[in-house]
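For reference, the structure discussed in these notes is given below.
Residue numbers (the numbering used here), protein chains in the order written: chain G, 1 to 727; chain A, 1 to 160; chain H, 1 to 587.
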């Protein structure tokens with residue numbers, strides 16, 4: 001039966017390709033609208049409906065309205081892409097139904113060309129003629145790529161072509177091994193979509209002469225870029241937000257229709273599965289994962305291959321695999337985006353994982369708060385079954401496997417393995433002591449392997465590109481990429497996938513575009529409620545499991561909240577503790593009682609009632625909770641407090657000793673006052689004050705009665721003359 | 001009173017389907033989700049009914065129902081106004097939006113307006129941090145909400 | 001060698017120790033004389049690992065490890081005594097105390113409280129982390145057990161015993177985090193819940209979160225009332241355990257001292273529940289023989305355990321016709337005092353106050369059941385107090401039980417055969433019933449009267465008894481969880497037995513929910529303790545001349561003077577009842 005598997009796969013691929021072709025997927029003009037929870041929240045559905053109406057009204061059959069998941073570029077949503085065959089792909093941001101009309105009539109109908117001022121990243125008033133995206137600084141090539149790019153930029157500047165030629169640095173293309181000259185780099189050119197490999201400074205003049213001036217491709221430099229994420233790069237590589245990323249697990253997000261298995265197959269979907277079933281023994285797959293160096297992306301960073309091998313070797317009549325999609329960290333939405341944008345990758349990763357441990361049944365445990373992700377997963381499972389990738393005798397291999405969705409019901413602690421197992425079993429999601437580990441005794445007592453969404457999405461990537469290649473991306477101890485959810489006081493919020501080893505500074509200032517409103521950076525919080533806050537002096541820390549641990553935070557599942565000078569670190573610590581305290585399951589003493597006491601102390605401090613002894617108590621409680629709690633939730637719960645105490649102790653002391661909140665966030669420490677010289681007596685503040693504690697006749701200076709003030713800040717907002725101040 | 005809440009044929013069919021499956025008791029949470037979706041809360045008599053039908057001790061059913069945030073034990077308003085108090089929303093001013101919601105609806109968190117139209121709840125992150133702060137009314141998500149937006153949003157649902 | 005017998009060598013506090021694979025660090029340390037401080041751990045229950053008091057350091061582990069929940073591993077290096085561990089344990093115990101009422105002196109478990117002992121041992125002398133405390137209503141609704149959530153430290157022993165040992169699962173944790181509370185479904189009052197009143201939650205609770213309903217006030221009042229004739233009786237198991245309440249080792253028979261004490265307290269008459277046990281056996285054995293020979297419903301199942309009766313009514317209502325219609329020994333004695341004895345002594349039954357000292361909390365519930373009341377709706381048994389309550393009463397009067405002289409019960413309803421004394425241990429009722437039933441059926445004298453197969457602490461025991469050529473198959477279960485297994489068969493119609501004895505509590509009545517709290521170094525439900533108590537009862541039996549209930553001359557006289565014959569109409573009026581489905585229906 002050996003050869004049949006690949007043949008069966010190719011047959012499916014062929015019919016799938018035919019279906020796409022019949023639908024005009026390859027030759028029609030594509031209007032692409034993102035549709036995910038976040039896109040919909042910013043109005044993508046209305047935009048989609050608008051386009052739908054217009055396409056219908058236009059009577060044109062050569063236009064395909066294409067729905068995708070989201071690209072993760074949240075701050076520019078809704079994003080609409082217009083792909084006219086042969087043209088440079090154009091992406092619009094912040095599209096409204098009105099703007100959709102403009103895009104349709106001007107760009108799609110061809111009356112006026114692209115609507116330039118709405119194009120993402122567009123800083124000039126016309127489109128560039130060419131865009132050169134150079135390989136960014138990888139971990140292996142140092143700054144040589146940057147040198148070539150800089151030289152090229154310089155030349156373009158000298159020639160006065162800055163307005164028409166864009167030169168950008170992207171992320172590492174990971175092609176270092178293909179190059180024979182150690183000072184060479186690579187670059188991708190739009191709209192021709194050619195890839196020049198092996199270029200040194202000596203080649204630049206030729207590129208300018210031939211490519212830019214004569215519009216002919218320098219054939220001798222062209223190399224075939226053959227990576228899993230080609231298609232993402234081709235769609236979005238010209239957008240700065242994306243070309244600083246290395247999209248491996250998010251490669252399909254924003255490209256494929258998450259409800260179309262045909263499109264997933266078209267971009268290499270299920271090929272890794274077919275290859276594995278055909279050529280690899282379960283053990284061989286585990287070996288490949290081991291070579292890749294993949295570590296769990298849920299936060300712990302446990303070596304994935306070890307987990308798989310442990311479950312494979314455990315004694316048990318049956319085994320289960322669970323995909324942990326209980327993304328509970330406030331401020332993290334990597335898994336949601338992945339499942340909404342590309343549910344098939346996770347499913348494929350699960351089937352391969354299931355095969356490698358000889359499991360016949362898998363579960364995806366997903367938050368019930370993610371209805372769209374659930375819907376898309378259900379659909380994807382159904383389609384995978386219909387196409388023979390799930391169910392009995394997958395692709396004729398003799399291996400059978402199926403997946404069932406299980407919904408959470410709102411409990412952060414269910415992200416913990418043993419709590420998650422209890423929740424799937426229909427019980428209270430409370431953790432239990434380990435050992436036995438789930439790989440020995442898990443769901444209903446059988447050996448069970450639990451992997452995070454992102455971990456599983458990496459599996460097909462590794463198998464398609466080879467584990468050695470995967471291991472070449474990242475750092476010594478942390479391989480591959482990591483997806484982060486950037487949020488907070490940052491210009492470009494959204495998902496970024498970067499190679500392990502990227503510095504926090506690059507993520508925040510390159511990918512994220514720096515701090516909002518020109519404010520000063522204060523701290524970055526990684527790892528959600530289990531993580532810590534790192535100050536400016538740690539910005540050059542690289543993201544990998546060990547470096548972040550050393551700095552006093554954790555990688556976590558990928559939440560990254562950026563805080564500015566307007567944020568109070570004591571208040572942030574209190575926020576996170578409030579979260580964990582509320583989410584504590586109540587089973588073990590240190591977490592149940594200890595987090596409550598810590599929170600009470602923080603409340604005291606932020607209300608101006610703290611003492612220096614309280615800071616010691618926080619440390620003492622933090623230590624016992626961290627070292628003695630039953631599960632990961634408790635063991636990491638004190639981190640936000642301990643890390644801020646470590647890096648921002650002066651801020652705590654200001655709260656305690658001076659009874660002041662430097663950022664002005666701790667309300668009870670605020671004092672609102674009206675500056676007599678500035679007050680014109682307009683009465684606006686007095687009218688807005690909810691407790692009527694501002695007195696003063698019209699055109700007279702107003703006064704706040706401090707004893708009654710509830711520090712709500714309404715007067716501050718109401719005053720148009722900057723006459724209300726607070727400290 | 002308790003007669004108002006019954007196991008509907010759909011829920012009954014679902015329970016029967018679950019009972020036919022392997023590890024049938026593990027579907028308790030799924031069954032409770034169905035009841036919550038149907039009635040907006042979990043009536044005691046139905047929890048007891050589920051306990052008997054699924055052969056799970058009633059105290060355990062109650063223990064599960066009270067463990068998870070998404071299950072509620074008292075009826076809720078027609079529209080659920082959820083304010084996200086996740087990290088991103090918090091640092092972007094969700095608290096002020098919450099105060100505005102409280103003022104507009106004249107209720108506190110986890111309360112229902114007298115006319116039974118709105119229940120105000122706080123939710124954990126709904127994963128749209130890029131658009132913070134967000135407010136969710138039923139299934140609809142409102143992004144970048146300011147305190148002044150609140151009355152406008154609420155007004156949309158007054159007559160629905 | 002199988003994996004289970006593989007030996008593992010590890011180092012604890014610098015000392016090498018070899019233990020079987022699978023042993024916990026806690027148990028391994030005990031071999032070296034180190035009793036790691038602990039709280040939620042209970043050897044008879046599943047491992048919870050929740051309180052974190054028993055943490056130790058294991059070399060190479062990032063965090064402290066719960067020694068109760070962690071199995072040993074080859075080469076493991078454990079430290080149980082480092083300054084960090086000591087500090088962490090003290091902090092943990094303090095955290096528990098900080099959310100616990102500060103009313104030790106007025107608490108019913110003062111001096112008997114595991115948390116109190118632990119706080120002392122850990123050296124908690126100051127409070128550093130005080131803050132909000134839980135504040136819930138007490139539930140005093142139950143006839144047998146009351147609940148005070150404020151004293152609860154969430155060790156979950158009660159939840160585990162209620163589910164794992166008793167199979168009742170009345171209790172579960174509800175809500176979560178700091179707000180977690182142990183409660184019946186829907187936070188129902190105990191009186192409306194499926195609680196059987198067995199009181200095992202009281203036995204295993206380290207604090208006073210569960211207690212029996214206090215009935216001592218009524219007793220004091222009755223004793224002070226000159227109008228009332230207070231007639232006391234006490235259960236077989238009371239004599240085997242009450243000494244522990246006065247610091248004696250388990251297994252001392254205190255029958256004589258108890259009688260003296262009851263008299264000292266002011267009871268007018270002291271009978272013995274063992275008389276009722278003999279009476280029960282005569283009725284029950286006859287009922288069994290009738291069912292066996294006349295084609296009645298089989299297997300017949302015993303009915304003398306009060307918690308068991310509520311359990312079966314709730315959980316197995318379809319098999320109630322299997323249940324013997326006999327009342328319990330306590331209820332039989334009470335019914336006889338207010339009828340036969342009252343008539344005989346010419347006392348107005350309304351002026352009799354029946355006091356029962358029981359090993360059991362559920363008897364408080366039984367006494368109040370309408371089935372156990374007379375035709376005027378007055379309960380035959382006026383008040384039930386537990387062994388523990390009786391100990392308090394004696395202590396409050398300065399009565400030092402171990403140093404009292406022995407007295408004999410009033411024989412009219414106090415004399416008992418050895419068959420009655422063994423009622424208190426699991427298997428005892430079956431053994432006693434077989435001694436009598438055998439002789440009824442065969443008409444021959446039973447020579448070897450010891451039915452060893454039904455003795456002992458095994459959860460479910462069975463035996464085949466040849467009764468003149470007929471194999472009579474019997475089974476005995478103690479602990480409601482074990483009972484459930486046998487009842488499933490009865491419900492399915494697959495039960496192979498003719499006669500089943502069920503006792504609600506582990507070990508039978510000797511392990512009842514009203515027995516003295518375990519001493520400092522003993523765990524509740526401790527097998528050695530239960531066996532010692534049982535041995536005391538079997539000893540009494542062995543040293544008696546009359547060891548078959550039907551040979552009890554006072555029972556015979558009672559039939560002659562009042563009841564007529566077993567299962568007679570009079571018998572049915574006073575000694576039998578019928579059980580019916582009980583709401584709430586439990587699951």
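From the three backbone atoms N, C-alpha and C, an ideal C-beta is built for every residue, glycine too.
Report the rounded CA-to-CA distance for residue i versus residue j, giving the unit in angstroms.
{"i": "residue 268/H", "j": "residue 389/H", "result": "19 angstroms"}
{"i": "residue 482/H", "j": "residue 313/G", "result": "36 angstroms"}
{"i": "residue 468/G", "j": "residue 450/G", "result": "24 angstroms"}
{"i": "residue 139/G", "j": "residue 507/G", "result": "In this prediction, residue 139/G has a pLDDT of 48, which is less than 50 and means its spatial position is unreliable; what the coordinates show is noted afterwards. Roughly 15 angstroms between the two C-alpha positions."}
{"i": "residue 276/G", "j": "residue 395/G", "result": "11 angstroms"}
{"i": "residue 32/G", "j": "residue 16/G", "result": "20 angstroms"}
{"i": "residue 1/H", "j": "residue 13/H", "result": "Here residue 1/H scores only 42 on pLDDT, less than 50, and its place in the model should not be relied on; the value that follows carries that caveat. Whole-angstrom Cα-Cα distance: 29 angstroms."}
{"i": "residue 401/H", "j": "residue 270/H", "result": "16 angstroms"}
{"i": "residue 119/G", "j": "residue 505/G", "result": "27 angstroms"}
Considering only the alpha carbon of each residue, which of the options lies closest to residue i?
{"i": "residue 161/A", "options": "334/G, 166/G and 316/G", "result": "Nothing about residue 161/A can be reported from this structure: the residues present for chain A run from 1 to 160 only."}
{"i": "residue 293/H", "options": "367/H, 189/H, 29/H and 442/H", "result": "442/H"}
{"i": "residue 98/H", "options": "613/G, 667/G, 658/G and 592/G", "result": "592/G"}
{"i": "residue 460/G", "options": "222/G, 525/G, 294/G and 328/G", "result": "294/G"}
{"i": "residue 228/G", "options": "537/G, 463/G and 443/G", "result": "463/G"}
{"i": "residue 531/H", "options": "169/H, 376/H, 426/H and 8/H", "result": "426/H"}
{"i": "residue 64/G", "options": "20/G, 102/G and 581/G", "result": "20/G"}
{"i": "residue 551/G", "options": "169/G, 562/G and 536/G", "result": "536/G"}
{"i": "residue 273/G", "options": "422/G, 200/G, 324/G and 457/G", "result": "457/G"}
Report the partner residues of residue i according to the DSSP bridge assignment.
{"i": "residue 391/G", "result": "401/G"}
{"i": "residue 672/G", "result": "726/G"}
**Report entry** Interface positions of the segment 90–117 of chain H facing chain G (Cβ-Cβ less than 8 angstroms), listed along the chain
**Finding:** 91, 92, 95, 96, 98 and 99
**Report entry** Contact set between the segment 27–47 of chain A and chain H, restricted to residues whose Cβ is under 7 angstroms from the partner
**Finding:** 44
Query raised in the report: Is the segment 136–152 of chain H close to the segment 210–229 of chain H, with three or more CB pairs under 8 angstroms?
Result: yes
Requested in this report: Taking only beta carbons into account, state which residues of the segment 60–92 of chain A come closer than 7 angstroms to chain G, listed in chain order.
Outcome: 63, 64, 67, 68, 69, 70, 71, 86, 87, 88, 90 and 91
Query raised in the report: Between the segment 252–267 of chain H and the segment 338–345 of chain H, do three or more beta carbon pairs fall short of 8 angstroms?
Result: no
Requested in this report: Identify each residue in the segment 502–514 of chain G for which the Cβ-Cβ distance to at least one residue of chain H is less than 9 angstroms, and report them in chain order.
Outcome: none
Query raised in the report: Taking any Cβ of chain A, which residues in the segment 420–451 of chain G have a Cβ under 9 angstroms from it, in chain order?
Result: 423, 424, 425, 426, 427, 428, 429, 430, 443 and 444
Query raised in the report: Between the segment 119–139 of chain A and chain G, which residues of the former have a C-beta closer than 8 angstroms to a C-beta of the latter?
Result: 123, 124, 125, 126, 127, 128, 129, 130, 131, 132, 134 and 139
Query - Where the segment 39–52 of chain H meets chain A: residues whose CB sits under 7 angstroms from a CB there - result: none
Query raised in the report: Should the segment 20–40 of chain H be called in touch with the segment 55–72 of chain H, which here means at least 3 C-beta pairs below 8 angstroms?
Result: yes
Query raised in the report: Do the segment 621–632 of chain G and the segment 661–674 of chain G make contact, defined as three or more Cβ pairs closer than 8 angstroms?
Result: no
Report task. Taking 8 angstroms as the threshold, find out whether the segment 420–429 of chain H comes into contact with the segment 266–282 of chain H through three or more Cβ pairs. Result -> yes
Query raised in the report: Relative to chain A, which residues along the segment 170–194 of chain H have a C-beta separation below 7 angstroms, given in chain order?
Result: 170, 171, 172, 173, 174, 175, 176, 184, 185 and 186
Report task. Examine the Cβ distances between the segment 134–151 of chain A and the segment 487–498 of chain G and report whether three or more of them are shorter than 8 angstroms. Result -> no
Query raised in the report: How do the segment 268–287 of chain G and the segment 400–412 of chain G stand: do at least 3 beta-carbon pairs fall below 8 angstroms, yes or no?
Result: no
Query raised in the report: Are there three or more Cβ pairs, one per stretch, closer than 8 angstroms when the segment 108–118 of chain A is compared with the segment 589–607 of chain G?
Result: no
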